[in-house]
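Numbering (full-length UniProt numbering), first residue to last: 1 to 310.
Here it is, written out as structure tokens:
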């Protein structure tokens, strides 16, 4: 059994069970991956993937256990690979952050700027994606931490650190009739076309849940993963956008107005996700503390200790 084989299994899963996509991501050949997968399954004595006409359809029941173990192993390997450098230098290295567009554009600049100034020998790398994608990067050892809102799927190998709430606003172009309404209600909002976050983001399903509970079916004319894109189409008059308050700046968002809507829609929560067995480098702990002041190094260590059952 080789680490490379486990890596191949994880890449196949991460790419929707498509061998060709996994091969492209790994810069290798599809037959090569197939051969290594066959060798691994032969050694284990069972199939990892269910197949139909030589196409992978999904994981078998024992295959799901293999994937869980492979993720832990690869995570441990990633931590071990960086341990030597981490022990030799407490204030130099690379900090890889997997994050969403909202965090990268509206939250992190206030933290990363001062952090880079104080830690000039730490290179910060940002990898952007949706909430599930950034968690997958951390789980695979390709990022040190994920910063985003809640994801639809759970990641049992990751530890969740809740940071702060993100209340919502309704963004409309200046002069829009809804700005003159005596009271902002779901019924009033549903009268107009809606611009929404993509369905992979909590901002989409939390907003939709609020309308469903009220027995309303809003007309969503456009969805996007970036608040800036949503605001562009609001300016065009395409509809109203329901966004997190932090993404609206009265000085920069000329021609737009925002109405507080936290009483109508559940807030999203910004979270940090870490691997259970991550080596807590001093500058990683410092970055987390600067991002969320309540998460002191001692508190983070204790949360990870409890999560690991130690």
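By construction, the Cβ of each residue, glycine as well, lies at the ideal position given by its N, Cα and C atoms.
Separation of residue 26 from residue 48, as counted between CA atoms: 19 angstroms
Can you list, in chain order, the residues of its chain with a C-beta nearer than 6 angstroms to that of residue 193? Leave out the 5 residues immediately preceding and following it. 219, 221, 239
Quickly, what does DSSP pair residue 250 with across the bridge? List them, please. Its beta-bridge partners do not exist; DSSP assigns none.
For residue 315 versus residue 159, is the C-beta spacing smaller than 9 angstroms? Absent from the model: residue 315. The displayed extent of the chain is 1 to 310, so no value can be given.
Please list, in chain order, all residues of the same chain as residue 78 whose beta carbon is under 7 angstroms from its beta carbon, the five residues on each side excluded. 141
Under a Cβ-count criterion, where at least 16 other Cβ atoms within 10 Å of its own Cβ denotes burial, should residue 231 be classed as buried or exposed? buried
From which residue to which residue does the alpha helix (DSSP H) around residue 34 run? 30-44
Quick check: the stretch 288-300 against the stretch 168-184, are there 3 or more CB pairs under 8 angstroms? no
Three-state secondary structure (DSSP) of residue 75: helix
In the structure shown, what three-state DSSP assignment does residue 277 receive? coil
Residues in the same chain with beta-carbon distance under 8 angstroms from residue 280, minus the five sequence neighbours each way, listed in chain order, please. 297, 300, 301, 304
Between which two residues does the alpha helix (DSSP H) holding residue 305 run? 297-307
Tell me the start and end of each unbroken beta strand (DSSP E) in the stretch 190-250 that is at least 3 residues and wholly inside, in chain order. 194-197, 220-224, 240-244
Smallest Cα separation from residue 114: which of 308, 307, 283? 283
Proximity winner among 177, 249, 157, relative to residue 277 (alpha-carbon distances): 157
Kindly give me the distance between the Cβ atoms of residue 132 and residue 200, rounded to whole angstroms, as I take these residues to be in contact under 8 angstroms. 7 angstroms
Is the beta carbon of residue 119 sitting closer than 9 angstroms to the one on residue 270? no
Report the three-state DSSP secondary structure of residue 115 (helix, strand or coil). helix
DSSP-derived helix/strand/coil call for residue 155: coil
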